[in-house]
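Engineer: Counting from 10, one number per residue, gives the positions in the sequence shown under my numbering.
Every residue gets a Cβ at the ideal spot worked out from N, C-alpha and C, and that includes glycine.
Note that the structure is a prediction, hence the values are computed from the model and not measured.
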Amino acid sequence: MLPEILPRPEPITNADYHSRRRALMASLPEDSAVLLPGAGLIPRSRDSDFAFRQDSDFHYLTGFSEPDALLVLLPGRDEGESVLFCQDRDPDMEAWTGIRLGAEGAVREHGVDQAFENHERDQRLLDLLDGRCHLYLPLANAEALALADDCRARLAGRARRGAPSPGVFADLAPLLHAQRQIKSEAERVLLRHAAEISARAHVRAMRAARPGLAEYHLQAELEHEFQWQGGSGPAYASIVGGGANACVLHYIENRDVLRDGDLVLIDAGAEFDLYAGDITRTFPVNGRFSEPQRALYEVVLAVQERAVAAIRPGATLVEIHEGVVRGLTEGLIGLGLLEGEAQARIDDEGYRRFYLHSTSHWLGLDVHDVGSYRYDGQPRRLEPGMVLTVEPGLYIPRDEDIPEAFRGIGIRIEDDVVVTPEGHEVLTASVPKRVVDIEALMAGQ
Numbered sequence: 010m011l012p013e014i015l016p017r018p019e020p021i022t023n024a025d026y027h028s029r030r031r032a033l034m035a036s037l038p039e040d041s042a043v044l045l046p047g048a049g050l051i052p053r054s055r056d057s058d059f060a061f062r063q064d065s066d067f068h069y070l071t072g073f074s075e076p077d078a079l080l081v082l083l084p085g086r087d088e089g090e091s092v093l094f095c096q097d098r099d100p101d102m103e104a105w106t107g108i109r110l111g112a113e114g115a116v117r118e119h120g121v122d123q124a125f126e127n128h129e130r131d132q133r134l135l136d137l138l139d140g141r142c143h144l145y146l147p148l149a150n151a152e153a154l155a156l157a158d159d160c161r162a163r164l165a166g167r168a169r170r171g172a173p174s175p176g177v178f179a180d181l182a183p184l185l186h187a188q189r190q191i192k193s194e195a196e197r198v199l200l201r202h203a204a205e206i207s208a209r210a211h212v213r214a215m216r217a218a219r220p221g222l223a224e225y226h227l228q229a230e231l232e233h234e235f236q237w238q239g240g241s242g243p244a245y246a247s248i249v250g251g252g253a254n255a256c257v258l259h260y261i262e263n264r265d266v267l268r269d270g271d272l273v274l275i276d277a278g279a280e281f282d283l284y285a286g287d288i289t290r291t292f293p294v295n296g297r298f299s300e301p302q303r304a305l306y307e308v309v310l311a312v313q314e315r316a317v318a319a320i321r322p323g324a325t326l327v328e329i330h331e332g333v334v335r336g337l338t339e340g341l342i343g344l345g346l347l348e349g350e351a352q353a354r355i356d357d358e359g360y361r362r363f364y365l366h367s368t369s370h371w372l373g374l375d376v377h378d379v380g381s382y383r384y385d386g387q388p389r390r391l392e393p394g395m396v397l398t399v400e401p402g403l404y405i406p407r408d409e410d411i412p413e414a415f416r417g418i419g420i421r422i423e424d425d426v427v428v429t430p431e432g433h434e435v436l437t438a439s440v441p442k443r444v445v446d447i448e449a450l451m452a453g454q
């Protein structure tokens, strides 16, 4: 019997993309323009490219999924404020790589005001930018900078005849990324779906785990579920770390054999319509926690649950992280892995031997999504519509001064959380994380 297939959620609509462009342009001077290139194909090997993935900013404003495109926004332009340049229609190439929308298709399918094929771009772009004094572009994007410099140089001749040319380059990223930080309801629907796919994949991996399998066997279970449910695959390189591999924060080799008596840490999430899931669970390979494993796990779990409970409008990630650090430090002292008073070990950062990273990051079109963590020099306060992870962990080195029963244990627990007007919504609650529930699931109950 084939596994269940979840219903697909509604995609983002052209009206939504139009509203996003209008909101961005409303914050710009009338004599400005936006230049935003899409992503291109990246060679993987001879005659082979990596699977195409659109640039997140470009997708956010257009939903357009072909490579080598360019979006130009022109506030106040009578003939249309949004102009898209796209690949030329080419029957020979389309026989190999699939039908291209072309200019007419881009307008019809994506609702931009105008579109032109790339063979027209050099000349038309000059006409579009003529008279625009402020040019907004992603300054970290070398392609965008080169294109803007070329246009400014070629428009200089016209400027000598009295027409202004772009004299100021401004970074588009802060404006656009602030807009992306608050997720619309349509975006939250897609994030819930990515989270649900990711959750089912983690449950599937827990049920499949047993001593003697390799880490890559659990990776295969995860990523099969991602794609079975219509995701494009993993939102980032899946981490499946058995035993001491769990202490390597970005371990992605996933080649070792899973051993009886070890824990396995899985940090993996699906990407659906470019929106990311991001879940971490840690569980025993054989289905039963040992007493030292359970003791360390309960410290992390209690801290993680308190951190999730603290998410509400007005809270800050700094406050939440400070609470996590205190809880983990107190737990480490209670288990004999640190000595002294908790505040002393926080002040001298003794806890950092076992906890190296922050507690949270933004989540959205990127797994480490855009958006500032500070505002006017102060920690950014949470607002409804923000989406973030909560992922404390403990990673115990195999050093001789560590009690042997704890050496080489790595534990992280991570959930995806939406800030709501009333508090929060946990998108990944369907994956067990309490010891009794994990053991019951792995026992087939």
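For the alpha helix (DSSP H) containing Arg55, name the first residue and the last one.
Structural biologist: The residue given as residue 55 occupies position 46 in the sequence shown. Segment: none, Arg55 is in no alpha helix (DSSP H) and carries neither H nor E.
Engineer: I want to know whether the stretch 52-61 touches the stretch 202-218 - three or more CB-CB distances under 8 Å.
Structural biologist: no
Engineer: Consult DSSP for Gly270 and reduce its assignment to one of helix, strand or coil.
Structural biologist: Against the sequence shown, residue 270 aligns to sequence position 261. Residue state, collapsed to three classes: coil.
Engineer: Here's the rule: buried if 16 or more other CB atoms are within 10 angstroms of the residue's CB, otherwise exposed. What is Trp371?
Structural biologist: In the sequence shown, counting from the first residue as 1, residue 371 sits at position 362. When all chains shown are included, Trp371 counts as buried.
Engineer: For Gly221, name the three-state secondary structure that DSSP assigns.
Structural biologist: Taking the first residue of the sequence shown as 1, we reach residue 221 at position 212. Gly221 falls in the coil class under three-state DSSP.
Engineer: With Asp25 as the anchor, note down where its alpha helix (DSSP H) starts and where it stops.
Structural biologist: By 1-based counting over the sequence shown, the position of residue 25 is 16. Taken as a continuous stretch (DSSP letters only), the alpha helix (DSSP H) holding Asp25 covers Asn23 to Ala35.
Engineer: Would you kindly work out how many angstroms separate the C-alpha atoms of Gly332 and Arg86, rounded to a whole number?
Structural biologist: By one-based count along the sequence shown, residue 332 stands at place 323. By one-based count along the sequence shown, residue 86 stands at place 77. In a straight line, the C-alpha of Gly332 is about 51 Å away from that of Arg86.
Engineer: Measure the alpha-carbon distance for Asp122 versus Val92 and round it to whole angstroms.
Structural biologist: As a first step, residue 122 is located in the sequence shown; it is residue number 113 there, counting from the start. As a first step, residue 92 is located in the sequence shown; it is residue number 83 there, counting from the start. Roughly 6 Å separates the two Cα atoms.
Engineer: Per DSSP, what are the beta-bridge partners of Trp371 in this structure?
Structural biologist: Numbered from 1 along the sequence shown, position 362 holds the residue referred to as residue 371. Answer by DSSP bridge pairing, in chain order: Leu397.
Engineer: For the alpha helix (DSSP H) holding Gly114, just list the boundary residues, first then last.
Structural biologist: The residue you call residue 114 lines up with position 105 of the sequence shown. From DSSP, the alpha helix (DSSP H) with Gly114 extends over Gly111 to His119.
Engineer: Do you know how far the Cα of Pro393 is from the Cα of Pro430?
Structural biologist: Within the sequence shown, residue 430 is the residue found at index 421, counting from 1. Within the sequence shown, residue 393 is the residue found at index 384, counting from 1. Pro430 and Pro393: Cα-Cα distance of roughly 5 Å.
Engineer: According to DSSP, is His143 part of a helix, a strand, or is it coil?
Structural biologist: The sequence position of residue 143 within the sequence shown is 134, counting from 1. His143 falls in the strand class under three-state DSSP.
Engineer: If you draw a straight line from the C-alpha of Ala4 to the C-alpha of Arg297, how long is it?
Structural biologist: The structure shown does not extend to residue 4, since the chain is modelled only from 10 through 454, so no value can be given for it.
Engineer: Less than 7 Å between C-beta atoms, sequence neighbours within five positions excluded: which residues of the same chain meet that for Asp64?
Structural biologist: In the sequence shown, residue 64 corresponds to position 55, counting from 1. Here the set comprises Gly47 and Ala48.
Engineer: Measuring alpha carbon to alpha carbon, tell me which of Asp265, Asp136 and Leu148 ends up nearest Ala165.
Structural biologist: Against the sequence shown, residue 165 aligns to sequence position 156. Selected option, being the one with the closest Cα: Asp136.
Engineer: Among Ala244, Ala324, Leu156 and Leu138, which one has its Cα closest to the Cα of Leu283?
Structural biologist: Position 274 of the sequence shown, counted from the start, is the residue given in the question as residue 283. Nearest C-alpha to Leu283: Ala244.
Engineer: Closer than 6 Å by C-beta to Ala223: which residues in its own chain qualify, once you throw out the five before and the five after it? Chain order, please.
Structural biologist: To locate residue 223, count along the sequence shown from 1; it is residue 214. Cβ within range, chain order: Val266.
Engineer: Can you list, in chain order, the residues of its chain with a C-beta nearer than 8 Å to that of Glu434? Leave out the 5 residues immediately preceding and following it.
Structural biologist: Working through the sequence shown from its first residue, we reach residue 434 at position 425. Result list for Glu434: Val426 and Val427, in chain order.
Engineer: Decide yes or no for the touch test of the stretch 251-268 against the stretch 174-190: beta carbon pairs closer than 8 Å, at least 3 of them.
Structural biologist: no
Engineer: Is the Cβ-Cβ distance between Val399 and Asp424 less than 8 Å?
Structural biologist: Indexing the sequence shown from 1 puts residue 399 at position 390. Indexing the sequence shown from 1 puts residue 424 at position 415. Yes, Cβ-Cβ distance for Val399 and Asp424 is below 8 Å.
Engineer: To which residues does DSSP link Ser91 through a beta bridge?
Structural biologist: Taking the first residue of the sequence shown as position 1, residue 91 is located at position 82. DSSP lists Leu82 as partners of Ser91.
Engineer: Report the start-end ranges of each beta strand (DSSP E) in the stretch 170-252 that is 3 residues or longer and not cut off at the edges.
Structural biologist: 177-180 and 248-251
Engineer: When the Cβ atoms of the stretch 138-147 are set against those of the stretch 32-51, are three or more pairs found closer than 8 Å?
Structural biologist: Yes: at least three Cβ pairs fall under 8 Å.
Engineer: Quick check on Tyr364: does DSSP put it in helix, strand or coil?
Structural biologist: Mapped onto the sequence shown, residue 364 falls at position 355. It is coil, neither helix nor strand.
Engineer: Would Arg201 pass as a contact of Leu436 if the rule is Cβ separation under 8 Å?
Structural biologist: Against the sequence shown, residue 201 aligns to sequence position 192. Against the sequence shown, residue 436 aligns to sequence position 427. Yes, these two residues count as a Cβ contact at 8 Å.
Engineer: Looking at chain D, is there any beta carbon in it that lies within less than 8 Å of the beta carbon of Val249?
Structural biologist: You won't find chain D in this structure, because it holds only one protein chain.
Engineer: Is it true that the CB of Glu126 sits closer than 8 Å to the CB of Asp97?
Structural biologist: Here residue 97 corresponds to residue number 88 of the sequence shown, with the count starting at 1. Here residue 126 corresponds to residue number 117 of the sequence shown, with the count starting at 1. Closer than 8 Å, so yes.
Engineer: For a test of the three-state rule: what should DSSP assign to Arg17, helix, strand or coil?
Structural biologist: On the sequence shown, position 8 is the one that residue 17 refers to. Coil.
Engineer: Would Pro18 and Leu199 qualify as a contact pair, given that the criterion is a beta-carbon distance under 8 Å?
Structural biologist: If you number the sequence shown from 1, residue 18 lands on position 9. If you number the sequence shown from 1, residue 199 lands on position 190. Cβ atoms of Pro18 and Leu199: closer than 8 Å.
Engineer: Looking only at DSSP bridge pairs, what is Tyr404 linked to?
Structural biologist: Taking the sequence shown and counting its residues from 1, one reaches residue 404 at position 395. Gly419.
Engineer: Glu75: which of Ala112, Glu90 and Leu82 sits nearest, CA to CA?
Structural biologist: Your numbering for residue 75 matches position 66 in the sequence shown. Comparing Cα positions, the closest option is Ala112.
Engineer: Given Tyr360, which residues of its chain have a CB within under 8 Å of its CB, disregarding the five upstream and five downstream residues?
Structural biologist: In the sequence shown, the residue the question calls residue 360 occupies position 351. So the qualifying residues of the chain are Val334, Leu337, Thr338, Leu341, Leu347 and Arg354.
Engineer: Taking Leu456 as the reference, which of Leu272, Asp276, Arg268 and Ser241 has the closest Cα?
Structural biologist: Not covered by the structure: residue 456. The range shown for the chain is 10 to 454.
Engineer: When the distance is taken between beta carbons, is Val376 closer than 8 Å to Ala285?
Structural biologist: Against the sequence shown, residue 285 aligns to sequence position 276. Against the sequence shown, residue 376 aligns to sequence position 367. Yes, Cβ-Cβ distance for Ala285 and Val376 is below 8 Å.
Engineer: So the beta strand (DSSP E) Glu126 belongs to, where does it begin and stop?
Structural biologist: Within the sequence shown, the letter at position 117 stands for residue 126. Glu126 -> beta strand (DSSP E) spans Gln123 to Glu126.
Engineer: Check the DSSP bridge columns for Asp424 and list the partner residues they point to.
Structural biologist: In the sequence shown, residue 424 corresponds to position 415, counting from 1. Answer by DSSP bridge pairing, in chain order: Val399.
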